[in-house]
Amino acid sequence: MRTHPSGWSRRDFLASLGVCLSPLVTPSLPSVRRRAPAAQQPTLNQRLGYSPSARLLILHLDDIGMLHATNAAAAAAFETGVANSGSLMVPCQWFPEAAAYARAHPALDLGLHLTFTSERPAYRWGPVLGAASVPTLVDEQGYFPITWDESRRVDLRELEAELRAQLARARLLGVVPTHLDSHEHRLQWLGRPIFELFLRVATEQRLPIRVGRNWFEQYTYLAPALGPEGIALDRAITIPPSVPPDQWINWYVDTLHELRPGVTELFLHVGRDDEELRAFAPPQFSWGAAWRQRDLEAITSPAVRDALVDAEVTLITWRQIGRLLVDKSPRAPER
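Under this note's numbering, read the sequence shown as residues 86 to 420, first letter to last.
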């Protein structure tokens, strides 16, 4: 099967949209005495007070605080587009500007994009605690590493300390997070011990975290770690690198029209295609300057706004989901 350089295959893409890849076959069975089925857990839709058939969506902006170019684009996406959620990168040098924007817009649904990698050679960042305090989290230059995969070992005590430090730094600058996710999904996709640490801290803080049920097949530890009452989105998706630039807005429009019932988070990476962003990530790169400009144009386009209405999609927020952690009763939908 062909795989894109980013790691996305056609199967990955279809699975991210919740498309069934094989028909369901029910074999003929002899008549047997069946046990009464166990009580079925309510869907996330129902826990939020919506019909199971409702198509609920979070339009989320990752990487706020990374650069001035991403901050300015996020502000435009919130103020003139249809984005309704986002998350901030605390260790980055432009985080104070993003925090000031969050303080000025307290009603916005903003979480933290917990950061433990620094992937571009031209612009690096490191831990809030300083390299000397968390030596297993940094490279030989004292920055977060450019890549972090399963072969790299970190001290989980250091990881937890830095995670908590990023939370504390955000709150010190006046950010009141509504949820948590992680840059490049490192805290969700690098094994059960790291995910359980993340989940434990998030639960203690009464903050939901980004986990999509469409990830369960590849990351088999997620569902057992969450448990039957854990909060998981039905799907968390982003535009794949295979989409041609001239089809960018069409992909978003089609995705909205084809959205299945349940709670979906569609996360974007917006930015201004300017000198700053091109120096950080050249336009030809995935999630580079051109990519982020296209995402900005999509989220602020009339076509995407119209598709939300035509497809009868309801926007919700992480703030609504977070209330489930402190209030177990079903809620009436917010209008």
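Where a beta carbon is used, it is the ideal one built from N, C-alpha and C, also for glycine.
Only a predicted model underlies this, so the values are computations on that prediction, with no experimental measurement involved.
- [ ] Give, in chain order, every unbroken run of the beta strand (DSSP E) that is at least 3 residues long and sits entirely within the segment 202–272.
- [x] 265–267
Task: Straight-line gap, A253 to E247 (C-alpha atoms, nearest Å) - done: Indexing the sequence shown from 1 puts residue 253 at position 168. Indexing the sequence shown from 1 puts residue 247 at position 162. Cα to Cα, A253 sits roughly 10 angstroms from E247.
TODO: Would you give the residue range spanned by the beta strand (DSSP E) that A168 belongs to?
DONE: Position 83 of the sequence shown, counting from 1, holds the residue named residue 168. First-last for A168: undefined, no H or E at that position.
- [ ] Going by CA-CA distance only, name the one from E302, R298 and L307 that's closest to F283.
- [x] Counting from 1 along the sequence shown, the entry for residue 283 is found at position 198. Of the listed residues, the one whose Cα sits closest to F283 is L307.
Task: Backbone CA spacing between L351 and V296 [nearest angstrom] - done: Stepping through the sequence shown from its first residue, residue 351 is reached at position 266. Stepping through the sequence shown from its first residue, residue 296 is reached at position 211. Roughly 12 angstroms between the two C-alpha positions.
Task: Of the residues A217, S136 and Y337, the one placed nearest L40, counting alpha carbons only - done: It is not possible to answer for residue 40, since the shown part of the chain is limited to 86 through 420.
Task: Sequence ranges, alpha helix (DSSP H) only - wholly within the segment 340–377, length at least 4 - done: 360–365
TODO: Please classify R238: is it buried, with 16 or more other beta-carbons within 10 angstroms of its beta-carbon, or exposed?
DONE: Translated into the one-based positions of the sequence shown, residue 238 becomes position 153. When all chains shown are included, R238 counts as exposed.
Task: Beta carbon of H190 nearer than 8 angstroms to that of D147 - done: The residue you call residue 190 lines up with position 105 of the sequence shown. The residue you call residue 147 lines up with position 62 of the sequence shown. Not closer than 8 angstroms, so no.
Task: Proximity winner among F370, T288 and V328, relative to G312 (alpha-carbon distances) - done: Translated into the one-based positions of the sequence shown, residue 312 becomes position 227. G312 has its Cα closest to that of T288, out of F370, T288 and V328.
Open item on the list: Can you give me the C-alpha to C-alpha distance between G276 and E235, rounded to a whole angstrom?
Closed with: For the purposes of this step, residue 276 is taken as the residue at position 191 of the sequence shown. For the purposes of this step, residue 235 is taken as the residue at position 150 of the sequence shown. One C-alpha to the other measures close to 8 angstroms.
Task: Sub-8 angstroms separation of V355 and L381 beta-carbons - done: In the sequence shown, counting from the first residue as 1, residue 355 sits at position 270. In the sequence shown, counting from the first residue as 1, residue 381 sits at position 296. Closer than 8 angstroms, so yes.
- [ ] Would you list the one or two residues that DSSP bridges to L195?
- [x] Reading the sequence shown from its first residue, position 110 is the one you call residue 195. Looking at the DSSP assignment, L195 forms a beta bridge with G171.
Open item on the list: Just verifying my parser: in three-state terms, what is the DSSP assignment at T155?
Closed with: Along the sequence shown, one-based indexing puts residue 155 at 70. Residue state, collapsed to three classes: helix.
- [ ] Return the chain-ordered list of same chain residues with a C-beta closer than 6 angstroms to the C-beta of W210, the five sequence neighbours on each side being excluded.
- [x] Position 125 of the sequence shown, counting from 1, holds the residue named residue 210. So the list reads P176, C177 and S203, once near-sequence residues are dropped.
Task: Status (buried if at least 16 other CB within 10 Å, exposed otherwise) for T165 - done: The residue given as residue 165 occupies position 80 in the sequence shown. So T165 ends up on the exposed side.
Open item on the list: Please state the DSSP three-state secondary structure of T399.
Closed with: Position 314 of the sequence shown, counted from the first residue, corresponds to residue 399. In the structure shown, T399 sits in a strand (DSSP, three-state: E or B).
Task: Identity of the residue in T221, A154, R271 and G227 nearest L362 by Cα - done: One-based indexing of the sequence shown puts residue 362 at position 277. It is A154 whose Cα lies nearest to the Cα of L362.
- [ ] Would you tell me roughly how many angstroms separate the C-alpha atoms of L114 and T340, rounded to the nearest one?
- [x] Start at 1 with the first residue of the sequence shown, and residue 114 comes out as number 29. Start at 1 with the first residue of the sequence shown, and residue 340 comes out as number 255. Note that L114 scores a pLDDT of 35, beneath 50, so its modelled location is shaky and nothing firm can be said.
Task: Distance between T323 and N156 (C-alpha atoms, nearest Å) - done: Start at 1 with the first residue of the sequence shown, and residue 156 comes out as number 71. Start at 1 with the first residue of the sequence shown, and residue 323 comes out as number 238. Distance between the alpha carbons of N156 and T323: 19 angstroms.
Open item on the list: Would the segment 126–142 count as touching the segment 402–409 if we require 3 or more Cβ pairs under 8 angstroms?
Closed with: yes
Open item on the list: If you reduce the DSSP assignment to three classes, tell me which class L284 lands in.
Closed with: Here residue 284 is taken as the residue at index 199 of the sequence shown, counted from 1. Residue state, collapsed to three classes: helix.
Task: Three-state class that DSSP yields for R87 in the structure shown - done: Numbered from its first residue, the sequence shown carries residue 87 at position 2. Since pLDDT at R87 reaches only 37, below the 50 mark, its modelled position is unreliable, and the value read off the structure follows with that caveat. Coil at R87, not helix or strand.
Open item on the list: Going by C-alpha to C-alpha distance, which of A192, I334, A374 and L344 sits closest to T385?
Closed with: In the sequence shown, residue 385 corresponds to position 300, counting from 1. Minimum Cα distance to T385 is reached at I334.
TODO: Report the partner residues of G297 according to the DSSP bridge assignment.
DONE: Within the sequence shown, residue 297 is the residue found at index 212, counting from 1. In the DSSP output, where bridge partners are listed per residue, G297 has L318.
TODO: Counting only the same chain and skipping the five closest in sequence on each side, list residues whose C-beta sits under 8 angstroms from that of L152.
DONE: Position 67 of the sequence shown, counted from the start, is the residue given in the question as residue 152. So the qualifying residues of the chain are C177, W179, Y208, G356, E361, L362 and F365.
Open item on the list: Taking the straight line between their C-alpha atoms, what separation do you get for G373 and L318?
Closed with: Numbered from its first residue, the sequence shown carries residue 373 at position 288. Numbered from its first residue, the sequence shown carries residue 318 at position 233. Their backbone Cα atoms lie some 27 angstroms apart in a straight line.
Task: Alpha-carbon spacing of A123 relative to P346, whole angstroms - done: Sequence index remark: in the sequence shown, residue 123 carries index 38 (1-based). Sequence index remark: in the sequence shown, residue 346 carries index 261 (1-based). Residue placement at A123 is poorly supported in this model, since its pLDDT is 48, which falls under 50; the coordinates are not used for a value here.
- [ ] Kindly identify the DSSP beta-bridge partner or partners of H145.
- [x] As a first step, residue 145 must be located in the sequence shown, where it is residue number 60. According to DSSP, H145 bridges with S170 and F352.
- [ ] Return the CA-CA distance between L400 and E225, expressed in angstroms with no decimal places.
- [x] Residue numbering aside, residue 400 sits at position 315 when the sequence shown is read from its first letter. Residue numbering aside, residue 225 sits at position 140 when the sequence shown is read from its first letter. Spanning the two alpha carbons is a distance of roughly 44 angstroms.
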